[in-house]
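Have a look at the structure below, then the notes.
Number of protein chains: 2
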Amino acid sequence: MQQPLSGIRVVDLTRILSGPFCTMLLGDMGADVIKIEGPAEGDPIRKAGAGVNGFSWYFASFNRNKRSMALDLRSDAGKEVLLKLLQSADVLVENFRPGVLAEMGFGEERLKQINPRLVVASITGYGSSGPYAERPAFDFVIQAMSGFMSTNGAEDQPPLRCGPPITDLVAGLYAAYGVVNALRARDQSGRGQHVDSAMMNGMLSMFAYLTSDYLATGELPVRTGNDHPITSPYGLFNTSDGEIAVAPSTDDILRRLLGLLDLGHLMSDARFNTNKLRMLNRRELNLLLDERFSTDTQASWIQRLNEGGVPCGKVQNVGEALSDPQILHQQMVLEVEHPGRGAVRMVGFPVKLSASPCLVRYPAPEHGVHTQEILAELGLTSARDADVPENME
Amino acid sequence: MQQPLSGIRVVDLTRILSGPFCTMLLGDMGADVIKIEGPAEGDPIRKAGAGVNGFSWYFASFNRNKRSMALDLRSDAGKEVLLKLLQSADVLVENFRPGVLAEMGFGEERLKQINPRLVVASITGYGSSGPYAERPAFDFVIQAMSGFMSTNGAEDQPPLRCGPPITDLVAGLYAAYGVVNALRARDQSGRGQHVDSAMMNGMLSMFAYLTSDYLATGELPVRTGNDHPITSPYGLFNTSDGEIAVAPSTDDILRRLLGLLDLGHLMSDARFNTNKLRMLNRRELNLLLDERFSTDTQASWIQRLNEGGVPCGKVQNVGEALSDPQILHQQMVLEVEHPGRGAVRMVGFPVKLSASPCLVRYPAPEHGVHTQEILAELGLTSARDADVPENME
């Protein structure tokens, strides 16, 4: 079976993270992604993050399945090549600030004239319109503005950003979802449309009961660290040789947990026989649980609880997670050969399709390395035709 | 233009959060989502979260655009109805533990016989195969196991879960992305396939440079609270009436920031003229910035910095975010009338399509309210034909 996006050409004007993540997701599904980079300097991520022998593994891991074309989009010649590319493309993805693409001569109406079948996806901080549309965005600021930081942190501690730049990645994933949907709509209508994914909107959609509870009651969620705001017991407990994370999400699972701990009687204990009481007497309850957990090892409890149907695990660092037997079984760490750069290890495909799986068809490209190849595909066989900057020859 | 998933029928066997979020995203794009609930008790989320007049807004906000059918999947009659449903369906989404669907008589081979065009999506904690496949999962445990908690928290403080159950939502979004891709592959091949979205895989894909840097160097990321691990200045600064979040992501933006603060000379100050030095002398630099920021108000700085091209905002709580003028402009808070329950406010559509936008076609359904309607569509016009449990008549 062909990959889902085989035959789909994506012109990728994005840089840094949210956009390249989106186009990587599309490339993983089989799209032909043409990454446009400036002639002098490529995507800044080429120089960011840790590398091996001067080659950024950060860049490599977010730019697989792409071809790189160097193009000066401020020059008429460069714009002419972009025009030809867009005529042949199915999707354009950009993460400029709103208006920048129009300033370059590729506003909405012009794009429709160039190619009415083109799906145009914009990834922005706050959305393509509205009072903040012109604001520059960055993950940390969106974590702050979206309300995410206000829900993250320990009790009695200030709001906290989370380490991963999650607002970029969520926006990139939503953009990819929007693009594939717009391609499907185009299959029926014959026409492209605009897809708008905003980091702030995307992040706000990730709060589950924290937003719905606020809207229902007007009461703000409180930061509760590793405790759950409305469930007890829940959290980290101490075994004889390390902590375990335990989350009995229903009364049924709680009953199983207490049974495994030989504490079944607590379900009818007057201090603990409702969730409300267990919340109120959380410290006392946790002490009783810790006492039992400390009689055996982390590994043993993780096995016993999971076998008994109680969600349980340990706090793993990034290295432990990346070498976890389950993660390796799921092929979530790939080793990809990069010509001249050696093998790069990177995170694998987060969603698996059984018959037309994601593949690494290309490693992350060197800056501009496919320029001539793509010019030739456009029928611009010599450098003169395209008048691309000389240093790209 | 028709919605992208118009005419696509989704049979939804999921409950709680990750699965219902996935099927909501599909419904928002136009799919006909049939939510199957047990005859006695529906989705537990109906009783979870805060509500108004006993109606859970948590349930309402994750189950729009679905119809509810009550069906006892342990009974032969219920299985017979499910069989007929699957014959007419395009997509099946389930978030049982691996193997449960097969135990119910709907294993992979049987599903292929019933409907070779069916796309079957499974959302699991750890993936459908591998050493942890049988383990039950819960957001907190996946935050721990995936490495996420190890990257979240203040310096010198322990690993921290984040408030929103983000691992559920990321897995649901990846599943929706996988489903639409599989539908597209089916358009070409005529055949369905299995889509596997695991919470742990999805979360691990969200770490950006934190995973790639570790893989390149073997050095673990450290928790840095609201400071960026490799950039300075960055963080929360004190204005005359509140904090602002400032993230100058490049030297160019930093130059603009310092210019706006009248601190341009710091770029050539021997203490601060490289990022490395600025990291080393972060405290000193932050003090100098705070001194200038304290001369004006939060609102003024947010305006001045954004206008000057420096990403900047404030830490908003969930209530502030939900009433932010940009969020309102983006229609990220919807008010949806629910018959007999009044108007429910909920988070809107995180990705916008210009020509075939997401719509609320149905409010979240009452438990089992569409059972007869769907039976009739299947040609099972009377209750006797379907032999559904009596309390559903």
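From first to last, the protein sequence lines are chains L and Y.
Residue 1369 is where the first sequence starts when you use the working numbering, and the numbers rise one by one after that.
Residue 1369 is where the second sequence starts when you use the working numbering, and the numbers rise one by one after that.
Glycine is no exception: its CB is placed at the ideal position from the N, C-alpha and C atoms.
Residue 1427 of chain Y and residue 1508 of chain L have their C-alpha atoms some 30 Å from each other. Per DSSP, the unbroken alpha helix (DSSP H) holding residue 1544 of chain Y starts and ends at 1534–1557. The alpha-carbon separation between residue 1661 of chain Y and residue 1607 of chain Y amounts to approximately 5 Å. Residue 1518 of chain L and residue 1551 of chain Y have their C-alpha atoms some 38 Å from each other. The continuous beta strand (DSSP E) containing residue 1607 of chain Y extends over residues 1603–1607. The beta carbon of residue 1412 of chain Y lies closer than 7 Å to those of 1383 and 1384 in the same chain, with the five residues before and after it left out.
When the beta-carbon positions are compared, residue 1578 of chain L and residue 1701 of chain Y stay at least 7 Å from each other. Here residue 1591 of chain Y is buried. Its C-beta has 16 or more other C-beta atoms within 10 Å. For the C-beta of residue 1697 of chain L, the chain Y residues within less than 8 Å are, from N- to C-terminus, 1495, 1497, 1498 and 1499.
When Cβ-Cβ separations below 7 Å define contact, residue 1615 of chain Y makes contact with chain L. The C-alpha of residue 1650 of chain L is placed about 32 Å away from the C-alpha of residue 1491 of chain Y. Secondary structure note for residue 1714 of chain Y: it is in no alpha helix (DSSP H), and the uninterrupted beta strand (DSSP E) holding it is 1710–1715.
If you check the CB distance, residue 1408 of chain Y and residue 1376 of chain Y do not come in under 7 Å.
Of the candidates L:1671, L:1722 and L:1728, L:1671 places its Cα closest to the Cα of residue 1500 of chain Y. Using a CB distance below 7 Å, no part of the stretch 1659–1671 of chain Y faces chain L. Rounded to whole angstroms, the gap between the alpha carbons of residue 1537 of chain L and residue 1372 of chain L is 21 Å. At a C-beta separation below 8 Å, residue 1417 of chain Y has these neighbours in chain L: 1577, 1580, 1581 and 1584. Neighbours of residue 1485 of chain Y across chain L, judged by C-beta separation under 8 Å, do not exist; the nearest C-beta is about 12 Å away. Scanning its chain for C-beta atoms nearer than 6 Å, with the 5 sequence neighbours on each side dropped, one finds around residue 1516 of chain Y the residues 1571, in chain order. Going by beta carbons, residue 1603 of chain Y and residue 1609 of chain Y fall outside the 7 Å limit. Inclusion of residue 1436 of chain Y and residue 1405 of chain Y in the CB contact set at 7 Å is warranted, their separation being smaller than that value. Annotation: the stretch 1561–1616 of chain Y contains the following complete segments of the alpha helix (DSSP H) (minimum length 4 residues), in chain order: 1567–1572 and 1577–1585.
Between the alpha carbons of residue 1639 of chain L and residue 1530 of chain L lies a gap of roughly 35 Å. Closest in alpha carbon position to residue 1429 of chain Y, among Y:1440, Y:1439 and Y:1416, is Y:1416. Within the stretch 1702–1724 of chain L, the residues whose Cβ lies closer than 9 Å to some Cβ of chain Y are 1712, 1713, 1714, 1715, 1716, 1717, 1718, 1719, 1720, 1721, 1722, 1723 and 1724, listed in chain order. Contact note: residue 1420 of chain Y reaches chain L through 1584 and 1585, using a C-beta cutoff of 9 Å and chain order. Fewer than three Cβ pairs drawn from the stretch 1625–1645 of chain L and the stretch 1702–1717 of chain L lie within less than 8 Å of each other, which leaves the two stretches out of contact. Our two residues, residue 1494 of chain L and residue 1432 of chain L, have alpha carbons roughly 27 Å apart in a direct line.
The secondary-structure analysis by DSSP pairs residue 1379 of chain L across a beta bridge with L:1402 and L:1460.
No Cβ-Cβ contact shorter than 7 Å links residue 1434 of chain L with residue 1616 of chain L.
Judged by their CB atoms, residue 1463 of chain Y and residue 1560 of chain Y are not nearer to each other than the 7 Å cut-off. Under the DSSP definition of a beta bridge, residue 1435 of chain Y partners with Y:1402.
Between residue 1657 of chain L and residue 1599 of chain L, the alpha-carbon positions lie close to 15 Å from each other.
Per DSSP, the continuous beta strand (DSSP E) segment holding residue 1702 of chain L begins and ends at 1701–1706. Rounded to the nearest angstrom, the Cβ distance from residue 1393 of chain Y to residue 1541 of chain Y is 7 Å, consistent with a contact under 8 Å.
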